[in-house]
Amino acid sequence: MSIEPENLLWMYTTMLTIRRFEEKVGELFAVGKVPGFVHLYIGEEAVATGVCAHLRKDDYITSTHRGHGHLIAKGGDLKLMMAELFGRRTGYCKGKGGSMHIADVDLGILGANGIVGGGPPIAAGAALAAKYRGAGQVAVCFLGDGASNQGTFHEGVNLASVWKLPAIFVVENNMYGISLSQTRSMRVQDIADRAAAYDIPGFVVDGNDVIAVYEAAGEAIRRARAGEGPTLIECKTYRYRGHFEGDPMIYRTREEEEMWKAKDPIPRFQAKLLEMGVLTEAKAKEINDRIVAQVEEAVRFAEASPWPALEELLEDVYTVAA
Amino acid sequence: MRTLTFAQALNEALKQEMRRDPTIYVAGEDVGVYGGIFGVTAGLLQEFGEDRVRDTPITESAIIGSAVGAAAGGLRPVAELMFIDFIGVALDQLYNQAAKMKYMFGGKARLPIVLRTTCGAGMCAAAQHSQSLEAWFMHIPGLKVVVPSTPYDAKGLLITAIRDDNPVVFIEHKMLYGMEGEVPEEPYTIPFGQADIKREGSDVTVVATMAMVHKALTAAEELAKEGISVEVVDPRTLTPLDVETIVNSVKKTRRLVVVHEAVKQGGAGGEIVASVVEEAFDYLDAPPKRVAAPFTPVPFSPVLEQAFIPSVEKIVAAVKEVVA
Ligand SMILES: Cc1ncc(C[n+]2csc(CCOP(=O)(O)OP(=O)(O)O)c2C)c(N)n1
Ligand SMILES: [Mg+2]
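Now the structure itself:
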């Protein structure tokens, strides 16, 4: 598959934006500016990026507790995201959701999710709406290796299969669900093998190679748009940080972490782009500087934003008839 | 006496009971290698091994359902549901299976299960990690519901729960884990259905649960300065509910305020107030009041979350209203 330089640069920029955003969130958490649970996506940027590179604004995604990367790749606004993480009223959810519930329904982002395995049935439903309307939209469900052991995964994928829905289930296999390694949570080596149970295609890809993700996702999304039904894609990757900020990480070795850091998706892709001549060192620096400035601007916006007013506590529980 | 934190008291109860009875095992997400995300099962894997301390996949239905099967098969499972909010994923195994089996089978089942879980707001953990859902379980015949408020109660009630031959939902408020208190070293039990009078008083009865017990005690302290004498009653278990102790207290004080962190509508407070009204209507000098969360999900933003959680000020105001 030959990819337009413009797309390659979009992917590079998106991955780097996620990385810089997440690094900043980690720093802000450490100094107490971002409260609650924060699950960072650092190391897994190629997955959201390679998939969302194909998505239209009106396509749907369901995200997870580790959702910042999905949001950014789907076009989320850094300022509104940061304000939400700060709990301010200018945030995506008016400060009511926070990191685990950040969402932008106008961008087809049906929310991060605090419930592991909450996404697959919802993605099947969004895909049902897409099919029903016939506008060629798709629904992508991001989920973890751990989530793939939930009953909801089986139910959601089976329904999408039997109804031939335009859904793509993207398993971000980072080898752990909190402290439990994949080898202790399931017997299959490849979660993609589970596709056979639903008679749908299942692919394993190197989740730290954005091009590999892009190619597999491209085929799955083509199938979905063509009415050929769902696909399961398993992206093998690794989270560099703890499960949440503050995790002592007693369940994995520093050697394992170093091994995966050597496969960091961003320097890998950067080297490739430099070699291809799509990127120069100067341009890489320029992109990085721009992203750092955007992230700083998002932090300033969040810090300057007001807290929610106390009466907002009672608002938005129900939709009130117009 | 020696002091322990609430989490350490629970941990000691688990260890002592597991040493006593080899049929007890612990299962749940991150309970082994990690020692539980709030540290309650720390050191269990090292002492009791993988057979008895089981890290499960993320699979709440199977965590609870396998406890039902294992209990039917003669074991005494202590299953952990990391957050009470996750019960939705697995509710059937608890309320249709565990709770009803004995009755449906005409008495021929014995299900000594403890389901330990955490509840409560205060960490900015937002709408799916902060709820207080104890009233859901109170509505299900066949379940017992335990709601400790101190390290001492936590240890004694957990030991009772483990030795009980019924499914017990044991709810730990996450903001209490770090709280310290005196805890005897030897194992001891606290009977279910026995409320504890946490402070004696004569003007008004405040029934409070879990984290709210401490806010009620603070409120009582403040009110004492103004000459209002508050009796704080902690039911400790919601099923069985010690209506007698609560009613006796109200007969003495003639006024009632119930405080819980769960939303008011459909909360345990309604049941408690109704029981008192049924049994002691003539003794009441004022309509009972409930202090509870508003009818909303738990918000994330710290300013909204603090507005959501019932405060000492709100308890003080409610008490003043009923004694006015
Ligand atoms: C129903 C439910 N069970 C458990 C949890 C607690 N929890 C949050 S994230 C997580 C691990 C998820 O692992 P995985 O799906 O592999 O995603 P990862 O964190 O690795 O991205 C767990 C157990 C939860 N939020 N919801
Ligand atoms: Mg994982």
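Residue numbers (our numbering), protein chains in the order written: chain A, 108 to 429; chain G, 642 to 965.
The C-beta atom is built at its ideal place from N, Cα and C for all residues, glycine as well.
Check, Outcome
"Identified DSSP bridge partners for ASN280 of chain A", "A:LYS343"
"Straight-line gap, ALA852 of chain G to GLY819 of chain G (C-alpha atoms, nearest Å)", "12 Å"
"For SER286 of chain A, three-class secondary structure by DSSP", "coil"
"With 16 other Cβ atoms within 10 Å as the buried cut-off, status of ASP970 of chain G", "Nothing can be reported for residue 970 of chain G: it is not among the residues displayed for chain G, which extend from 642 to 965."
"Closer than 8 Å to chain G by CB, ASN114 of chain A", "no"
"Cβ-based burial, LEU417 of chain A [other Cβ within 10 Å; buried from 16]", "exposed"
"Range covered by the alpha helix (DSSP H) that runs through ARG126 of chain A", "112–137"
"At least three beta-carbon pairs within less than 8 Å, the stretch 226–241 of chain A to the stretch 274–291 of chain A", "yes"
"ILE838 of chain G in three-state terms, based on DSSP", "strand"
"Same chain, Cβ closer than 6 Å to TYR321 of chain A, neighbours up to 5 away in sequence not counted", "GLY157 and ALA160"
"Rounded straight-line distance, which links the Cα of LEU250 of chain A to that of LYS892 of chain G", "56 Å"
"DSSP beta-bridge partners of CYS248 of chain A", "A:THR169 and A:PHE276"
"The stretch 669–699 of chain G: positions lying closer than 9 Å to chain A by Cβ", "GLU670, ASP671, GLY673, VAL674, TYR675, GLY676, ILE678, ASP696, THR697, PRO698 and ILE699"
"C-alpha gap between ASN220 of chain A and SER170 of chain A, whole angstroms", "6 Å"
"Contiguous alpha helix (DSSP H) assignments of at least 4 residues, all confined to the stretch 323–372 of chain A", "361–368"
"Terminal residues of the beta strand (DSSP E) in which LEU722 of chain G lies", "717–722"
"Any non-hydrogen atom of ligand 1 within 7 Å of GLU721 of chain G CB", "no"
"Contact list for LEU287 of chain A against chain G, beta-carbon separation under 9 Å", "GLU670, ASP671, GLY673, VAL674, TYR675, ASP696, THR697, PRO698 and ILE699"
"For ARG407 of chain A, the nearest candidate out of A:ALA190, A:PRO142 and A:THR344 (CA to CA)", "A:ALA190"
"Cutoff 8 Å: GLN296 of chain A Cβ touching any chain G Cβ", "no"
"Cβ-heavy atom distance, ALA254 of chain A to ligand 1, below 7 Å", "yes"
"Cβ contact (3+ pairs, closer than 8 Å) linking the stretch 826–840 of chain G and the stretch 943–952 of chain G", "no"
"Under 8 Å between C-beta atoms of GLY194 of chain A and GLY183 of chain A", "no"
"Per-residue burial, LYS164 of chain A [other beta carbons within 10 Å of its own, 16 or more giving buried]", "exposed"
"Partners in chain A for VAL667 of chain G, counting only beta-carbon separations shorter than 8 Å", "Those do not exist, as VAL667 of chain G stays about 15 Å from chain A at its closest Cβ, beyond 8 Å."
"Residues in the stretch 140–152 of chain A having any Cβ partner in chain G nearer than 8 Å", "PRO142, GLY143 and PHE144"
"Contact set between the stretch 830–854 of chain G and chain A, restricted to residues whose Cβ is under 8 Å from the partner", "none"
"Proximal residues to THR644 of chain G (C-beta, below 8 Å), its chain only, five neighbours per side dropped", "PRO792, GLU821, GLY822, GLU823 and VAL824"
"Segment contact flag, the stretch 673–691 of chain G with the stretch 703–717 of chain G, C-beta cutoff 8 Å, min 3 pairs", "no"
"Helix, strand or coil at GLY263 of chain A [DSSP, three-state]", "helix"
"Status (buried if at least 16 other CB within 10 Å, exposed otherwise) for PHE922 of chain G", "exposed"
"Unbroken beta strand (DSSP E) run spanning ARG294 of chain A, endpoints", "Unbroken run through ARG294 of chain A: none, as it is neither H nor E."
"MET189 of chain A at chain G interface by Cβ criterion, 8 Å", "no"
"Any non-hydrogen atom of ligand 1 within 7 Å of VAL399 of chain A CB", "no"
"Proximal residues to LEU214 of chain A (C-beta, below 7 Å), its chain only, five neighbours per side dropped", "LYS164, LYS181, GLY182 and GLY183"
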